[in-house]
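Have a look at the structure below before the remarks.
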Amino acid sequence: MVERILKLSKGNTEMPEILILEKEIIHSNNPRYMFLYTYYFPNQNLNDISKAILRTNDKRYINFFFIQIHHIDLDIFFLKILEYDNQTIFYTLYDRKNLDDIFFIKGISRMLENGEDKYLYLIFYYYFLVLNRFHEDIFHLLLKLENTLNEKNYKQYLVNLRHSIREEPRYYDYYSPNKYHGHHGCIPDMIVCHISFDYGKMIKNFYTNTLEVSSHFAISESGDYTQFVSLEDSAWANGTSLNDSSDVYYKFAKNNIVRNRKINANYYTYSIENESIDGSLTKKQYQTTLKLMCEIIDYVEHTYHINFKIDEEHIVGHQDINPLVRTSCPGTKFPLKSLIFDLNKIYKRI
Numbered sequence: 281m282v283e284r285i286l287k288l289s290k291g292n293t294e295m296p297e298i299l300i301l302e303k304e305i306i307h308s309n310n311p312r313y314m315f316l317y318t319y320y321f322p323n324q325n326l327n328d329i330s331k332a333i334l335r336t337n338d339k340r341y342i343n344f345f346f347i348q349i350h351h352i353d354l355d356i357f358f359l360k361i362l363e364y365d366n367q368t369i370f371y372t373l374y375d376r377k378n379l380d381d382i383f384f385i386k387g388i389s390r391m392l393e394n395g396e397d398k399y400l401y402l403i404f405y406y407y408f409l410v411l412n413r414f415h416e417d418i419f420h421l422l423l424k425l426e427n428t429l430n431e432k433n434y435k436q437y438l439v440n441l442r443h444s445i446r447e448e449p450r451y452y453d454y455y456s457p458n459k460y461h462g463h464h465g466c467i468p469d470m471i472v473c474h475i476s477f478d479y480g481k482m483i484k485n486f487y488t489n490t491l492e493v494s495s496h497f498a499i500s501e502s503g504d505y506t507q508f509v510s511l512e513d514s515a516w517a518n519g520t521s522l523n524d525s526s527d528v529y530y531k532f533a534k535n536n537i538v539r540n541r542k543i544n545a546n547y548y549t550y551s552i553e554n555e556s557i558d559g560s561l562t563k564k565q566y567q568t569t570l571k572l573m574c575e576i577i578d579y580v581e582h583t584y585h586i587n588f589k590i591d592e593e594h595i596v597g598h599q600d601i602n603p604l605v606r607t608s609c610p611g612t613k614f615p616l617k618s619l620i621f622d623l624n625k626i627y628k629r630i
């Protein structure tokens, strides 16, 4: 079914054939097929398939639907999402851009009912400081955490609150066990940029072998960095699958290189994580990112005797590799174009 969806979405498919496909997918009761159909046929009438996916009560794909599909009844979908935990509600509010304040009011109210945790603290930080928005009702919800706040001191309170929930970085004198040895016969020719909220948590996760995740580098907001995987080896950050039952199926990639290579993208990519919520980098982070990208480019050119192509096909965001599941990585404010421009200046290619 997945290959059929992809094939029909690329051609000049007649409307009757699309409608037949939609009926078959609804009849299948498969929420993944429903989501993929709406993702690849965004201009169809979504009433029937919206009702069908809500009936499945599938948390993962209902969330995907709300975050990525336009022209749906957001209110109805959000009612379902409010039944879930704080983590799901947070990422729904974070990933779906340009939501009205009413969704934050309803979401934060439910998160307060669910109980205090780091995701509740993060959503206040995200709303007031990252989005730089203000609503009286949301401020009153914040007062339930700390009733002594006022409009002069609440931002500093949120800065301190975010700092208090961060993991303390722990440093190791060896590389992470989470990696593939070598590059599976590939010449690595891409750099993939990521963001994550907590530098200390990244370090902890990348050294936890049961989580099966890692990156070559991670950079803190202060510009410090840790290397987890040697450039000789492949990290577990940009994985794609050859199996169309996976949401990281390689044919879903936005990037043409990935979409046309029938191999796990971890083997031919390097990964750099930055501590950030929206993709914006501090000046020190930016300079460290440039430095590490140069280190990667120099290594590839010296080891494989090729010119590393410095363009938007070879230096990309995670969302270009795995667009279904990484819709906000590396964030709307990540300076990808500036980094590519500066790299081309450094290597005198412009």
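Using the working numbering, you'd call the opening residue of the sequence shown number 281 and step up by one each time.
The beta-carbon is built from N, C-alpha and C at its ideal position, and this holds for glycine as well.
In this text, all values refer to a predicted model and were calculated from it rather than measured experimentally.
Collapsing the DSSP output to three states places F497 in a strand. The beta carbon of Q367 sits closer than 6 Å to those of Y399, all from its chain and outside the five residues before and after it, given in chain order.
Boundaries cannot be given for T562, as no beta strand (DSSP E) includes it and DSSP labels it neither H nor E. Here D591 is exposed, its C-beta having fewer than 16 other C-beta atoms within 10 Å.
When the alpha-carbon of Y371 is set against those of E492, Y530, I557 and L511, the nearest one is in I557.
Taking the C-beta atoms as reference points, I543 is found no nearer than 8 Å to T569. Around the Cβ of H496, a 10 Å sphere holds 16 or more other Cβ atoms; the residue is buried. Contact between the region 593-602 and the region 513-521 is established, with three or more Cβ pairs separated by less than 8 Å. In the three-state reduction of the DSSP assignment, K435 falls in the helix class. Spanning the alpha carbons of R312 and D338 requires a straight line of approximately 9 Å. The region 407-485 contains, as complete alpha helix (DSSP H) runs of 4+ residues, the segments 416-422 and 434-445 (chain order). Taking the CA atoms as reference points, F588 sits about 9 Å from I576. In the three-state scheme derived from DSSP, where H, G and I count as helix and E and B as strand, S510 is classed as coil.
Distance between L373 and E555, taken at the CA atoms: about 19 Å. The shortest CA-to-CA distance from K563 to any of S502, L572 and Y548 is the one to S502. Here F345 is near F315, since their CB atoms are less than 8 Å apart. In this structure I361 is in contact with I369, their Cβ atoms being roughly 6 Å apart against a cut-off of 8 Å. Within the same chain, Cβ atoms closer than 7 Å to the Cβ of S510 are found at Y455, the five residues on either side in sequence being excluded.
Proximity to H594 across P615, D504, C473 and Q507 peaks at C473, based on C-alpha coordinates.
Ranking L334, K303 and Y341 by CA distance to the CA of Y319 puts Y341 first. Two segments are said to touch when three or more pairs of C-beta atoms, one from each, lie closer than 8 Å; by this definition the region 378-393 touches the region 412-426. For the set F384, R413, I445 and R442, the Cα lying nearest the Cα of E431 is the one of R413.
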